Amino acid sequence: MTERIEFVLPYPPTVNTCWRRRGSTYFVSKAGERYRRDVALIVRQQRLKLNLSGRLAIKIIAEPPDKRRRDLDNILKAPLDALTHAGLLIDDEQFDEINIVRGQVVPGGRL
């Protein structure tokens, strides 16, 4: 039997604002750290099973905060990294299937 877990995450910062570079070193920006903390708090509050193992599939409904044009594929990096950092899964390479759908505009945005 396949286990299904549903939860809501805040809309992620863009890849450009989530990561910074100093010389040849990349690091997580303050916005990226804040997003990671927010996701980790949600994972703890929902009491989700941690360290999911095996092959995984994910469906994301991206409900943007406004009507600006956005590439759906750019939305993936921050939440998948944040879920890994929160301990929900071991590594985001575990995903064999990633389905992302654009939803309706929601104030503040959410996934």
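FYI, the numbering used here numbers position 42 of the sequence shown as 399, with every residue one higher than the one before it.
Glycine residues also receive a C-beta, built at the ideal position from the N, C-alpha and C atoms.
Since this is a predicted model, take the numbers as computed values, not measurements.
**Asked** Which stretch, first to last residue, makes up the beta strand (DSSP E) that contains N373?
**Response** Counting along the chain, N373 falls outside any beta strand (DSSP E), though it belongs to the alpha helix (DSSP H) covering V372 to C375.
**Message:** Using 8 Å as the threshold, is the C-beta distance between E420 and R361 below it?
**Reply:** no
**Message:** Does chain D have any CB closer than 8 Å to the CB of R426?
**Reply:** No chain D appears in the structure shown, which is made up of a single protein chain.
**Prompt:** Exposed or buried, C375, counting other C-beta atoms within 10 Å across all chains shown (16 or more means buried)?
**Reply:** buried
**Message:** Which runs of the beta strand (DSSP E) at least 3 residues long sit entirely within the segment 364-423? Give them in chain order.
**Reply:** 376-379, 382-385 and 413-419
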